[in-house]
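In order, the protein sequences belong to chains A and S. The C-terminal position of the first sequence is numbered 297 in our numbering, with every residue numbered one higher than the one before it. The C-terminal position of the second sequence is numbered 297 in our numbering, with every residue numbered one higher than the one before it. All residues carry an ideal CB built from backbone N, CA and C; glycine is no exception.
Number of protein chains: 2
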Amino acid sequence: MSEGFTLWFTGLSGAGKSTLANLVADELRSRGHRVEILDGDEVRTNLSKGLGFSKEDRDTNIRRIGWVCRLLAHNGVIAISAAISPYREIRDEVRAMHDHFFEAFVECPIPTLAERDVKGLYKKALAGEIKNFTGVSDPYEAPLKAEIVLNSETETKEESLARLLAALEAKKFIHPAGGPR
Amino acid sequence: MSEGFTLWFTGLSGAGKSTLANLVADELRSRGHRVEILDGDEVRTNLSKGLGFSKEDRDTNIRRIGWVCRLLAHNGVIAISAAISPYREIRDEVRAMHDHFFEAFVECPIPTLAERDVKGLYKKALAGEIKNFTGVSDPYEAPLKAEIVLNSETETKEESLARLLAALEAKKFIHPAGGPR
Chain A
117 MSEGFTLWFT
127 GLSGAGKSTL
137 ANLVADELRS
147 RGHRVEILDG
157 DEVRTNLSKG
167 LGFSKEDRDT
177 NIRRIGWVCR
187 LLAHNGVIAI
197 SAAISPYREI
207 RDEVRAMHDH
217 FFEAFVECPI
227 PTLAERDVKG
237 LYKKALAGEI
247 KNFTGVSDPY
257 EAPLKAEIVL
267 NSETETKEES
277 LARLLAALEA
287 KKFIHPAGGP
297 R
Chain S
117 MSEGFTLWFT
127 GLSGAGKSTL
137 ANLVADELRS
147 RGHRVEILDG
157 DEVRTNLSKG
167 LGFSKEDRDT
177 NIRRIGWVCR
187 LLAHNGVIAI
197 SAAISPYREI
207 RDEVRAMHDH
217 FFEAFVECPI
227 PTLAERDVKG
237 LYKKALAGEI
247 KNFTGVSDPY
257 EAPLKAEIVL
267 NSETETKEES
277 LARLLAALEA
287 KKFIHPAGGP
297 R
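Encoded structure:
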């Protein structure tokens, strides 16, 4: 049970990846796991400064996050990535470098995201003011075989969290509630 | 004792950083620690593809290694860097981001390195065939306050290893021989 693994969120901007990443991280820490969240923005600052949002640069960024997650996971840490990671092929490449990998697709339709528009980005993107905005002016390829599909339109974050934890428990990736046995 | 830390080797190419990194990693694993070596070449492939050997690119590479070491160290891992890391200021910047940091300078004079010339690089560098070769055509700034100075000209690798382990034990960074208490 001291094995690490990588929990890889994917989904559009504003879908709820970071929110769920933080909720699940808190819960897993309380169960005695070491947990590290690799946040898209922090990684861009520290590992990928100078990279843009072309397909090639996005791919490089995701490969780097994947490589760091793998390092952590191999050392008993639960590594959580909350980057958009729009391209299926690169996500699958990251999966292939792992012994234990769990992909969580956080689904939410664009109209709902545009209505929430937490960062005010969808309005701009839909008005054509942001180039390479995933889901609007840049592709997003949904996973075909994610370990779990969460939906931030139809379920509350608490419901998503509960389903996610149950799925991780079922795979014996995490300690049950109450901490290590 | 489950605290991680970063063991940061610095020194010229061929001085013995990787050799010592591997020796100390084997010993620390046998004492029950989780250990990860961040090798300069592997990092260049996975985190720093496209970067060259200008001061700016070298600095970026070292900052990235430092950031990953910190992630590992904060999660209970002993992160070992064996990159040349020629610039004092950047090494000190990496030190400053850590709670627990141990710098090991592996010293060896250029004539000795040129005589060994394991990779055949010193001959070429001294003939002016390699630009930006640290110690020959590019600067190397020795640490002023390394936690330990090892010398691969005057001591055997076994002697260096023994002194290094003793220094890490004295700081209570590692388990004593025989594994965790």
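Legend entry - Limits of the unbroken alpha helix (DSSP H) element including residue 226/A: Within the first sequence, residue 226/A is the residue found at index 110, counting from 1. Here the alpha helix (DSSP H) through residue 226/A covers 226 to 232.
Legend entry - Integer-rounded CB distance, given that residue 120/A should sit under 8 Å from residue 184/A: In the first sequence, residue 184/A corresponds to position 68, counting from 1. In the first sequence, residue 120/A corresponds to position 4, counting from 1. Contact doesn't hold; Cβ gap of about 12 Å is too wide.
Legend entry - Same chain, Cβ closer than 6 Å to residue 219/A, neighbours up to 5 away in sequence not counted: On the first sequence, residue 219/A is found 103 positions in, with the first residue counted as 1. Cβ neighbours of residue 219/A beyond the five flanking positions: 124, 259, 262, 263.
Inset, instruction - Look at the alpha carbon of residue 277/S and the alpha carbon of residue 127/S, and state the distance between them as a whole number of angstroms. - result: As a working mapping, residue 277/S is identified with position 161 in the second sequence. As a working mapping, residue 127/S is identified with position 11 in the second sequence. Cα-Cα distance, rounded: 16 Å.
Legend entry - Stretch-stretch touch, CB-based, cutoff 8 Å, three pairs: the region 220 to 234 of chain S with the region 128 to 142 of chain S: Cβ pair count under 8 Å is three or more, so yes.
Inset, instruction - Pick helix, strand or coil for residue 262/A, following the three-state DSSP scheme. - result: Indexing the first sequence from 1 puts residue 262/A at position 146. Residue 262/A: coil per DSSP, three-state reduction.
Legend entry - Contact set between residue 124/A and chain S, taken where Cβ atoms lie within less than 7 Å: Working through the first sequence from its first residue, we reach residue 124/A at position 8. Against chain S, a Cβ distance below 7 Å from residue 124/A picks out nothing, because the smallest value is about 16 Å.
Inset, instruction - Compute the distance between the beta-carbons of residue 205/A and residue 191/S, then report whether it is under 7 Å. - result: By 1-based counting over the first sequence, the position of residue 205/A is 89. By 1-based counting over the second sequence, the position of residue 191/S is 75. In this structure, residue 205/A keeps its C-beta atom at 7 Å or more from the C-beta atom of residue 191/S.
Legend entry - Neighbour flag for residue 210/S against chain A, beta carbons, 7 Å: In the second sequence, residue 210/S corresponds to position 94, counting from 1. Judged by the 7 Å Cβ criterion, residue 210/S is not in contact with chain A.
Inset, instruction - Using a Cβ-Cβ cut-off of less than 8 Å, list which residues of the region 193 to 210 of chain A approach chain S; keep chain order. - result: Within the region 193 to 210 of chain A, the residues whose Cβ lies closer than 8 Å to some Cβ of chain S are 193, listed in chain order.
Legend entry - Inter-residue spacing [alpha-carbon to alpha-carbon] between residue 253/A and residue 246/A: In the first sequence, residue 253/A corresponds to position 137, counting from 1. In the first sequence, residue 246/A corresponds to position 130, counting from 1. Taking the straight line joining both Cα atoms gives about 8 Å.
Inset, instruction - Can you give me, in chain order, the residues of the region 131 to 158 of chain S that have a beta carbon less than 7 Å from any beta carbon in chain A? - result: Here the close residues are 150, 152.
Inset, instruction - Express the C-alpha separation of residue 137/A and residue 155/A in angstroms, rounding to a whole number. - result: Stepping through the first sequence from its first residue, residue 155/A is reached at position 39. Stepping through the first sequence from its first residue, residue 137/A is reached at position 21. For residue 155/A and residue 137/A, the gap between their C-alpha atoms comes out near 9 Å.
Legend entry - Buried or exposed by the 16-neighbour rule on C-beta atoms within 10 Å, applied to residue 145/S: Stepping through the second sequence from its first residue, residue 145/S is reached at position 29. With a 10 Å radius around the Cβ and a threshold of 16 neighbouring Cβ atoms, residue 145/S comes out exposed.
Inset, instruction - Check the Cβ of residue 162/A against every Cβ in chain S and list those closer than 8 Å, keeping chain order. - result: The count along the first sequence starts at 1 and reaches residue 162/A at position 46. The CB of residue 162/A comes closer than 8 Å to the CB of 179, 180, 183 in chain S, given here in chain order.
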